[in-house]
Amino acid sequence: MDACNAVEREVDKVLSKFGGIREHAERVLRDVINIVDELKKGFEEGPSDHELTPAQIIILKQSINKVKETVQRLATDHRDLHSTVSKVGKAIDRNFVSDFASTSREDVFSTPEKIHLLNQVICQHFYRQGMLDIADELALEAGLEIEASGKEPFSELNRILDSLKVHDLGPALEWAQAHRESLEAQNSCLEFKLHRLRFIDLIQRGPLGQTEAILYARTHFHQFINRHEKEIQILMGMFLYLPHGISNSPYRHLLDPNLWAEIHDVFTRDACALLGLSVDSPLSVCINAGCTALPALLNIKQVMQQRQVTGIWNGKDELPIEIDLGQDSRYHSVFACPILRQQSSENNPPMRLVCGHVISRDALNKLSSGSKLKCPYCPVEQNPSDARLIFF
Ligand SMILES: [Zn+2]
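To convert, note that position 271 of the sequence shown is 271 in full-length UniProt numbering; the numbers rise steadily by one, no gaps.
Following this line, the structure appears as structure tokens:
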């Protein structure tokens with residue numbers, strides 16, 4: 001962000017300078033044009049065989065000089081502008097790092113299979129965003145075979161989300177009713193929230209919508225009374241303020257347009273959970289994680305270069321430092337072996353010792369001698385074969 005601000009400051013300088021020059025240029029050019037026009041008129045009015053008097057010659061010369069001077073000054077101003085413009089370029093070079101070498105591994109996408117996987121992930125992302133035509137074209141050009149089951153749920157979800165954007169609750173309600181049992185099983189409030197919005201929409205129409213709102217509440221809210229009693233009571237309270245307008249009542253927060261943004265998110269989250277999908281596409285998750293991690297990686301790269309230890313980070317499957325991507329990017333617990341200081345993997349899983357301490361299998365093998373193992377944390381002696389594999 002600081003980098004953007006620094007560049008923006010330079011751009012502002014250019015803009016204000018350019019504005020100043022333009023104003024000035026317009027003014028002096030107008031003057032010059034007036035002088036030339038005057039002269040032209042003088043020439044046209046005079047007889048065709050008229051010779052210039054010495055006074056007229058002086059006036060003519062002065063005018064020519066004035067025009068020359070003005071044009072030269074404008075050219076100089078214009079040249080000055082160049083240096084200010086080039087400062088913007090320098091500010092961009094200075095503030096934005098473009099050298100990401102050694103923070104990335106170019107060989108990652110080098111084989112055809114990996115490129116195929118990458119295309120698949122990009123294609124999936126487009127389907128999820130509802131850009132079906134782009135996704136179809138990419139699939140065609142990249143030779144991907146996308147099964148109908150891979151795109152159908154997305155086209156339906158996007159159709160529903162599009163209607164929600166224009167405040168049409170119909171398709172979303174239909175979907176929620178069709179999936180009622182599964183939604184309830186995952187403790188979703190989606191259907192109630194959709195009905196609530198429809199109810200608020202009715203009651204918002206004032207006394208005219210009253211009968212319809214009462215009817216709607218009677219038909220739809222009884223099924224939610226166990227889980228949403230308090231919220232339904234609040235909704236019923238709105239009737240009290242109907243004659244004077246809900247927007248001047250203590251219930252005006254229920255008219256907040258943010259409720260529509262919220263339903264959009266609730267629908268996306270619950271529908272994705274129901275279909276066993278992550279809310280964001282794998283591609284956007286990766287890109288977001290990369291963008292968060294990059295500044296820290298660039299910093300460590302600089303430190304490593306200064307201390308001339310660049311060789312240490314040779315681009316294996318792990319990063320030279322731990323980077324916290326924030327709460328949203330945590331998907332499962334990880335275990336790092338306290339002995340080997342490595343994250344556990346399928347080949348080197350965590351093992352629970354009899355005493356309760358956990359170390360990785362490689363560490364366990366290294367520490368044990370025959371059928372004996374001394375826990376490195378509490379000196380309990382045990383048989384390494386008693387250690388149990390732990391699953392996170
Ligand atoms: Zn122990």
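Note that beta-carbon positions come from the ideal geometry of N, C-alpha and C, so glycine has one too.
- Relative to ligand 1, C272 has its C-beta separated by 7 Å or more from all heavy atoms.
- If you ignore the 5 residues before and after Y251, its C-beta comes within less than 7 Å of the C-beta of G237, M238 and Y241, all in its own chain and listed in chain order.
- In this structure, R361 lies near P349, with their beta-carbon atoms less than 8 Å apart.
- The residues L194, in chain order, have a CB closer than 6 Å to that of L173 in the same chain once the five nearest residues on each side in sequence are set aside.
- If you draw a 10 Å sphere on the C-beta of Q233, you find fewer than 16 other C-beta atoms in it, and that means exposed.
- In this structure, ligand 1 has no non-hydrogen atom nearer than 7 Å to the beta-carbon of V358.
- The Cβ-Cβ distance between L297 and T84 does not fall below 8 Å.
- The bridge partners DSSP lists for P350 are S360.
- The DSSP-derived three-state label of R307 is coil.
- DSSP places A387 outside any alpha helix (DSSP H), giving it a letter other than H or E.
- Burial state of A139 is buried, judged by a 10 Å Cβ sphere holding 16 or more other Cβ atoms.
- Y127 has its CB no nearer than 7 Å to any heavy atom of ligand 1.
- Taking C-beta atoms as the reference points, I287 and I300 fail to come closer than 8 Å.
- Contact between L81 and K17 holds, since their C-beta atoms are separated by about 6 Å, short of 8 Å.
- One thing to note: V285 has its Cβ no nearer than 8 Å to the Cβ of T268.
- For A91, the enclosing alpha helix (DSSP H) starts and ends at P54 to N95.
- In this structure, C189 has its CB at a distance of at least 7 Å from all heavy atoms of ligand 1.
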